[in-house]
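K.L.:
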Amino acid sequence: MKICILTIATNKYLQFVEKLYEDISEKFCPGAEINCLLFTDHEIEEAGDNVRVHYIDHEPWPMPTLKRYNYFVKEKDFILEHDYCFYFDADMRIDGLVEAEEVCGDLVATRHGYQSLMDPATQSFDRNPNSLACVSPEEKTVTYYAGGFNGGKTEVFMEMADTIAKRVNEDLKKNVVALWHDESHMNRYLIDNPPTLDLDPTYCYAEEFIGTDYPYQPGKIIALKKNHAALRS
Numbered sequence: 051m052k053i054c055i056l057t058i059a060t061n062k063y064l065q066f067v068e069k070l071y072e073d074i075s076e077k078f079c080p081g082a083e084i085n086c087l088l089f090t091d092h093e094i095e096e097a098g099d100n101v102r103v104h105y106i107d108h109e110p111w112p113m114p115t116l117k118r119y120n121y122f123v124k125e126k127d128f129i130l131e132h133d134y135c136f137y138f139d140a141d142m143r144i145d146g147l148v149e150a151e152e153v154c155g156d157l158v159a160t161r162h163g164y165q166s167l168m169d170p171a172t173q174s175f176d177r178n179p180n181s182l183a184c185v186s187p188e189e190k191t192v193t194y195y196a197g198g199f200n201g202g203k204t205e206v207f208m209e210m211a212d213t214i215a216k217r218v219n220e221d222l223k224k225n226v227v228a229l230w231h232d233e234s235h236m237n238r239y240l241i242d243n244p245p246t247l248d249l250d251p252t253y254c255y256a257e258e259f260i261g262t263d264y265p266y267q268p269g270k271i272i273a274l275k276k277n278h279a280a281l282r283s
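Take 51 as the starting number for the sequence shown in my numbering and just add one per residue.
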């Protein structure tokens, strides 16, 4: 089984990538052939044998996250050489062994750690009718998914990527940016195309939940606590 790991690390986020890749090598889908596809605005002098680097232009926040699916589409042929692909935020670590049978599905999404505890009617879907990410308050929704970890069979995932990239481009033509950027567009897509594998929040687990009475325990894939403003500056 071949797996492609997708990661975007612009500006100061690059500092997290080496440790993330070490964790993936040691703890993610053991036995699989894993290649990492890194999108970055940095010059990388040395990359591992299984790391492919795709250079992207430096743009101000939130463009590096809003356009993530546009980046993926540019590497569609390479991604489709694999059986599965998974996107990880760069600022994550893996605390527990993640077996392939846990996470390999046609279309995989992870429930948001905070939002999934809220009534769906109050979750942070984009309500702006001018955006193609819009979710009407009248629509029935099940839960809100996190953008930090998702994936699936490459052909299914890339169908989602193609659709979201086109919608982002259409929004930008109208000078519209979705409320939570790519995550808003992903949630719109997943309402219309529900994931075949719905992961609980332990697979995109806020570091601040550790040691608390948070109902999902223990975290496996950890979203690190950090100063967002400093990293994006």
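The beta carbon of each residue, even a glycine, is placed where N, CA and C say it ideally should be.
With a threshold of 7 Å on Cβ separation, who are the neighbours of VAL206 within its own chain once the five nearest residues in sequence on each side are excluded?
P.N.:
What you label residue 206 is simply residue 156 of the sequence shown in a count that begins at 1. Excluding sequence neighbours, VAL206 sits near ASP156, LEU157.
K.L.:
Any contact between the stretch 179–198 and the stretch 230–246? By contact I mean 3 or more CB pairs, one from each, below 8 Å.
P.N.:
yes
K.L.:
Should LYS224 be labelled buried (16 or more other beta-carbon atoms within 10 Å of its own) or exposed?
P.N.:
Start at 1 with the first residue of the sequence shown, and residue 224 comes out as number 174. When all chains shown are included, LYS224 counts as exposed.
K.L.:
Quick one: complete alpha helix (DSSP H) runs, 4+ long, within the stretch 139–178?
P.N.:
List check, alpha helix (DSSP H) in window: 150–153.
K.L.:
Apart from the five residues on each side of it in sequence, which residues of its chain come closer than 7 Å, Cβ to Cβ, to VAL103?
P.N.:
Mapped onto the sequence shown, residue 103 falls at position 53. Excluding residues within five positions, the ones whose Cβ falls inside 7 Å are LEU88, THR90, ILE94, ALA97.
K.L.:
Do the stretch 165–183 and the stretch 123–135 meet, that is, are 3 or more Cβ pairs less than 8 Å apart?
P.N.:
no
K.L.:
Which same chain residues end up closer than 6 Å to MET210 when comparing Cβ atoms and leaving out the 5 residues on each side of it in sequence?
P.N.:
Along the sequence shown, read from residue 1 onward, the residue named residue 210 stands at position 160. Excluding positions up to five away in sequence, the list reads TYR239.
K.L.:
Write down the C-beta distance between ALA82 and ILE55 rounded to the nearest angstrom, noting that I regard them as a contact closer than 8 Å.
P.N.:
Within the sequence shown, the letter at position 32 stands for residue 82. Within the sequence shown, the letter at position 5 stands for residue 55. The beta-carbon distance between ALA82 and ILE55, rounded to whole angstroms, is 10 Å. This is too long to meet the 8 Å contact definition.
K.L.:
Determine the direct distance from the alpha carbon of CYS86 to that of VAL153, and round the result to whole angstroms.
P.N.:
By 1-based counting over the sequence shown, the position of residue 153 is 103. By 1-based counting over the sequence shown, the position of residue 86 is 36. Computed Cα separation, rounded: 17 Å.
K.L.:
Do LEU182 and ASP221 have their beta-carbon atoms positioned less than 9 Å apart in this structure?
P.N.:
Looking up residue 221 in the sequence shown gives position 171. Looking up residue 182 in the sequence shown gives position 132. It is a contact, given that the beta carbons lie within the stated cut-off.
K.L.:
What's the gap between the Cα of ILE74 and the Cα of ASP107?
P.N.:
Start at 1 with the first residue of the sequence shown, and residue 74 comes out as number 24. Start at 1 with the first residue of the sequence shown, and residue 107 comes out as number 57. Approximately 26 Å between the Cα atoms of the pair.
K.L.:
May I ask which residues mark the beginning and end of the beta strand (DSSP E) holding ILE271?
P.N.:
What you label residue 271 is simply residue 221 of the sequence shown in a count that begins at 1. Run containing ILE271: 271–273, per the beta strand (DSSP E) assignment.
K.L.:
Taking only three categories from DSSP, how would you classify ALA280?
P.N.:
Taking the first residue of the sequence shown as 1, we reach residue 280 at position 230. For ALA280, the pLDDT reaches just 49, beneath the cut-off of 50, and the residue's location in the model is therefore unreliable, leaving the point undetermined.
K.L.:
CB-CB under 6 Å to ALA280, same chain, minus the five flanking residues each way: which ones, in chain order?
P.N.:
Stepping through the sequence shown from its first residue, residue 280 is reached at position 230. Low confidence applies here, because ALA280 scores a pLDDT of 49, under 50, leaving its location unreliable; read the following figure in that light. So no residue of the chain qualifies.
K.L.:
What whole-angstrom Cβ distance do ASP248 and ARG161 have, given they're in contact under 8 Å?
P.N.:
Position 198 of the sequence shown, counted from the first residue, corresponds to residue 248. Position 111 of the sequence shown, counted from the first residue, corresponds to residue 161. Indeed they touch by this definition, with Cβ atoms about 7 Å apart.
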